[in-house]
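Notes follow once the structure below has been shown.
Chains as they are written, first to last, in my numbering: chain R, 585 to 841; chain F, 585 to 841.
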């Protein structure tokens, strides 16, 4: 099977014009089929303030009511996604921006409102493999933002890490998928204050050990859960590191079974 | 050649939730390959106010500076386009939202800044026929908003009527294209105050005559210029009327050579 590189970038890259330009240059230079998944960053909160949209948090997590969904649809699927696509085109990378509604590409169910109602948030159910395969076979790189849909007319806010893992898993029937989580650290760190403390390889046993010891912090846990889920679903390689891992020999954390 | 229906809807449909739902139901029910092009409506002006973005007009026409471009990218490519796509999916119509940057689908050049600098406005240069054909052959209906790109990283605000005509022309190599302009009137009217005064058929000679007599008003002129350009480029049928023309036997204006 052909190799496919799936890269997820988060807020730290999205929010910094220069970092984003650097990253997109690297991404455009990757050979072979590739997919980009991007998060949203903090601009949603800033824009909510400007537009007078209330941001409600429950247990530290944002509630996506109708107005917030509208706002992130404008920001993620509009401003961020389309500027990334336009920049990639300029770099000779034929890309196509997607929400889960486009081409019925990523389906989800609205998360149950019990015990906590997080609003229009989606739990993924299905990836439209044949649609992604058609694009990739035509030399087009899908650029996915963090929105899925329920097939009944509703867009749903969805965690970008989970979209990346689910896409990687779904595409593993057709490709040897390498899943790359790029964020603000050089990898999974033993000591959050020390960027040199990158864990080279991490398997589930060690993950559970470090988790029980409290070494791994809260934000990293769902990301790592996504990694193990992807590996179990047939994804060939899962890496966590800085955006540089896709082109350079730098440190990163390899997640293994 | 197979028939292709291209439908352009303007602000009056976009701005009215019920009218839009009605139209999308009709559009989804159309058989065979089809393309939707949508304008933006007045929400851009309202949102500019909310966000404190200045709207500059020169000779009655909006100037698209960087902040206004960002705003319409959020609104047209984000909110409007993605909600249309999600609603079409719910109606069983597999659609895909596009700016001109997506799939390198619609290329343009930034309009020269002399004599008047309208900012980030695009004059169309090319339609990526093979991309549209691939989508249509796969049963996917493209949904295009009024943004093109220059291939050098810049999105460009582009008249939706012109996008519709240029797309219709470009796709005429592969399809018998029927181009339908749907707007708030029942067709081209002899008397703007009388909705029953629909001109049944209009050729260029009559158009020039009515134009010189001042019967046709300013907003209609560029739309009709687009119609004649499309016909000359091989589009089979061009119609102007209410959104109902795509499914019902209602009055409309047929533009002929």
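All residues carry an ideal CB built from backbone N, CA and C; glycine is no exception.
- Taking 8 Å as the cut-off between beta carbons, none of the residues of the segment 750-771 of chain R comes near chain F.
- Against chain R, the CB of residue 640 of chain F has no partner CB under 8 Å away; the residue lies outside that interface.
- Burial is judged here by how many other beta carbons sit within 10 angstroms of a residue's own beta carbon; residue 699 of chain R has fewer than 16 and is exposed.
- Taking 7 Å as the upper bound on Cβ-Cβ separation, chain R lies near residues 718, 722 and 724 of the segment 695-726 of chain F.
- The C-beta of residue 662 of chain F comes closer than 8 Å to at least one C-beta of chain R.
- Considering only F:620, F:591 and F:746, the residue with the shortest C-alpha distance to residue 728 of chain F is F:620.
- Where residue 592 of chain F is concerned, the enclosing beta strand (DSSP E) starts and stops at 587-593.
- Taking 8 Å as the cut-off, the beta carbon of residue 627 of chain R is found closer than this to the beta carbon of residue 599 of chain R.
- Here the alpha carbons of residue 740 of chain R and residue 771 of chain R stand approximately 29 Å from one another.
- Below the 7 Å Cβ cutoff, chain R contributes 663 as neighbours of residue 654 of chain F, in chain order.
- When F:667, F:625 and F:823 are compared, the shortest CA-CA separation from residue 737 of chain R is found for F:667.
- With respect to the 8 Å criterion, residue 661 of chain R and residue 749 of chain R are not classified as neighbours on the basis of their beta carbons.
- The count of Cβ pairs closer than 8 Å, one atom from the segment 754-767 of chain R and one from the segment 817-837 of chain R, reaches three, so the stretches are in contact.
- Taking 8 Å as the upper bound for CB-CB distance, residue 651 of chain R and residue 637 of chain R are in contact here, some 5 Å apart.
- For residue 685 of chain F, at least one C-beta of chain R is nearer than 8 Å to its own C-beta.
- At least 8 Å separates the beta-carbon of residue 629 of chain R from that of residue 731 of chain R.
- Leaving aside the five residues that flank residue 756 of chain R on each side, the residues in its chain whose CB is nearer than 7 Å to its CB run, in chain order, 817, 818 and 819.
- DSSP places residue 710 of chain R within a strand segment (E or B) once states are collapsed to three.
- Neighbours of residue 669 of chain F in chain R, taken as residues whose beta carbon is under 7 Å from its own, are 685 and 686 in chain order.
- For residue 811 of chain R, the enclosing alpha helix (DSSP H) covers residues 804-816.
- Non-local C-beta neighbours of residue 791 of chain F in its own chain, meaning closer than 6 Å and more than five positions away in sequence, comprise 808, ordered along the chain.
- At a beta-carbon threshold of 8 Å, the residues of chain R lying near residue 657 of chain F are 662, 663, 666 and 667, ordered along the chain.
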